[in-house]
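Quick note: the sequence shown uses my numbering, first residue 52, plus one each step. Cβ atoms here follow ideal geometry from the backbone N, Cα and C, with glycine treated the same way.
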Amino acid sequence: MSTTSYLIRSASLLGTTTADILVRDGVIAAVGPNLGSDVVGEATVIDAAGLVALPGMVDLHTHLREPGREDAETVETGTRAAALGGFTAVHAMANSSPVADTAGVVEQVFTLGRESGWVDVRPVGAVTVGLAGTQLAELGAMADSRARVRVFSDDGICVSDPVMMRRALEYVKAFDGVIAQHAQEPRLTEGAQMNEGVVSADLGLAGWPAVAEESIIARDVLLAQHVGSRLHVCHVSTAGSVEIIRWAKERGISVTAEVTPHHLLLTEELVRSYNPVYKVNPPLRADADVHALRAALADGTIDIVGTDHAPHPSEAKECEWASAAMGMTGLETALSVVQETMIETGLMTWADFARVTSTTPAQIGQLADQGRPLEVGEPANIVLVDAAARWNVDPSAMATKGRNSPFASMELPGKVVATFFHGHPTVLDGALNTPYRPGAAQ
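Shown next as structure tokens:
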């Protein structure tokens, strides 16, 4: 029996039509109801009755930590987590050690991803040398490297100098790159610990005002318009930011935006526990912001979901609030949180889900083989989801090294049953199978 051919039997395509999907040699060879043996041949059968078939998810915002921060995550552990979460591609942020600000470092990350074989790893290049904000990094060299970098970000730090931001936007136009901005005016957030508002006043914690995010977004959409370049806004978190992005899009400015799963579900009220697992950048906001973000994702003002998966070693979170690191894990819970907040609420369909978690992020990152429709001739990057399942989040059982999940002990809907990466099942029956090895017998 050939193990390069798989028949996914009776899947619900994007939650609508039930059909079989024949995967052969890395591509979708046939789609239709009750495919016969004359078409299927000796394919391995995967029973997908009751499962939703979606294009493999694409994350534009993942922190894999390697090189240099292997105590928090490695490319191997992070991509295992990604596969289990239904992803077939992730973009690895540049704030590693050394920073991914040269062709050499991005090629190292790219190679580690290829060797791991769980998902497609695309490095994000730093905008400035060392994330210091004073000198442009080797943008052209990273774009021309084997990693073919097209997304650049100092994420974790805002490119706050408007002249530097303008130069970066101008530079990447030469190869149709995009600058992904971490919108945070540093002077307005010095010492900030949580969202500025009633809760921060009650707790006596320094507030992080919404305007610190909104002012940078307003500036940068105008800069993008001025130079005619592409801007992507990372982890949008406020209702005011949504309005600015909507304004920019109405004027034809080339801006895209993302929201994280945690900003779609969690609010600042959780900070009352002083549990550092809820400390994140940008901070958890008010309930009104959460609902504005959901509405903006549903109506297309916010284009995609990006996990901002940010694993930390336990000692960085198991300490007092003020000393704790900012960040949350997200790769293995993203699908479920988006289902809970957007699909279970009736705001989106599974087809919409595919658009915001796969098709559009692949387009922004210029990944030609990802985010493709489930049609004949397309690359077989597919995830099968049991949408009716419920599960309790247990960080200790996750593949990521990070245990800092804000969803710990929550019951969430939707479980990934299988993930196909280039036609090879990296996940089967909800567990890791084997990595994809090009040219090897699978």
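Which residues in the same chain have their Cβ closer than 6 angstroms to the Cβ of L418, if we skip the five residues on either side of it in sequence? A140
On a CA-only basis, which of G422, R201, R406, A177 is nearest A413? Give me that one, please. G422
Cα separation between A177 and V150? 7 angstroms
Does the distance from the CB of N246 to the CB of V356 come in under 9 angstroms? no
Pick from V250, D227, A219, V328 that is closest to L274, judged by C-alpha positions: A219
Fully enclosed by the region 261-293, which beta strand (DSSP E) runs are 3 residues long or longer? 281-284
Integer-rounded CB distance, given that G137 should sit under 8 angstroms from G107: 7 angstroms
Who are the Cβ neighbours of G453 in its own chain at under 7 angstroms, not counting the five residues just before and after it? A123, E124, P362, H363, T380
N-terminal and C-terminal residue of the beta strand (DSSP E) that F458 is part of: Counting along the chain, F458 falls outside any beta strand (DSSP E), and DSSP gives it neither H nor E.
What does a CB cutoff of less than 8 angstroms around M215 pick up in its chain, not counting 5 residues either side in sequence? V178, T179, G184, T185, L187
At which residues does the beta strand (DSSP E) containing I230 begin and terminate? 229-232
Spatial neighbours of N332 within its chain, please: C-beta separation below 6 angstroms, excluding the five flanking residues on both sides. M377
State the beta-bridge partners of F203 as determined by DSSP. G176, I230
In angstroms, rounded to a whole number, what distance separates the CA positions of A349 and D89? 42 angstroms
Buried versus exposed, by CB contacts within 10 Å (16 or more), D354: buried
Given F26 as reference, the closest of T451, H142, E241 once Cα atoms are compared: It is not possible to answer for residue 26, since the shown part of the chain is limited to 52 through 493.
Which of helix, strand or coil DSSP assigns to L86: coil
Among residues of its own chain, excluding the 5 on either side of A440, which ones have a beta-carbon nearer than 6 angstroms to its beta-carbon? K466
Between E391, R297, L479, which lies nearest to L316 when the distance is taken from Cα to Cα? E391
Give every residue of the same chain whose Cβ lies closer than 8 angstroms to the Cβ of G428, excluding the five residues on either side of it in the sequence, and list them in chain order. V78, I79
State buried or exposed for T67, treating a residue as buried only when at least 16 other CB atoms are found within 10 Å of its CB. exposed
Mapping the DSSP letters down to three states, classify M449 as helix, strand or coil. coil
Could you check the C-alpha separation between P457 and S387 for me, to the nearest Å? 13 angstroms
Might you give, ordered along the chain, the residues of its own chain that have their beta carbon closer than 8 angstroms to the beta carbon of I296, omitting 5 neighbours on each side? I268, V272, V284, V287, V306, A308, A347, T352, I353
Leaving out the 5 sequence neighbours to the left and right, which residues in its chain are closer than 7 angstroms to G181 when beta-carbon positions are compared? V150, D152
Counting only the same chain and skipping the five closest in sequence on each side, list residues whose C-beta sits under 7 angstroms from that of L239. P260, V262, A263
Whole angstroms is fine: what's the gap from L483's alpha carbon to A299's? 42 angstroms
H277 to I72, Cα distance in whole Å? 46 angstroms
Which same chain residues, not among the five before or five after W91, have their C-beta less than 7 angstroms away from its C-beta? Reading off the sequence shown, one finds Val at residue 91, where the question assumed Trp. Excluding residues within five positions, the ones whose Cβ falls inside 7 angstroms are L58, L73.
The beta strand (DSSP E) with Y57 in it runs from where to where? 56-64
Quick one: give me the first and last residue of the alpha helix (DSSP H) that V434 is part of. Here V434 belongs to no alpha helix (DSSP H); instead the beta strand (DSSP E) covers 433-443.
Contact check, E494 vs T289 under 8 angstroms by CB: the rounded distance? This structure does not reach residue 494, given that the chain is present from 52 up to 493, and the question cannot be answered.
M366, DSSP secondary structure in three states: Sequence inspection shows Glu at residue 366; the Met mentioned does not correspond to that position. Of the three classes helix, strand and coil, the one that applies to E366 here is helix, per DSSP.
I'd like to know whether the C-beta atoms of V200 and P174 end up nearer to each other than 9 angstroms. yes
CA-to-CA distance, S56 to Y487, given in whole angstroms: 14 angstroms
Whose C-beta lies closer than 7 angstroms to the C-beta of E127 among residues of the same chain, with five residues either side of it excluded? S167
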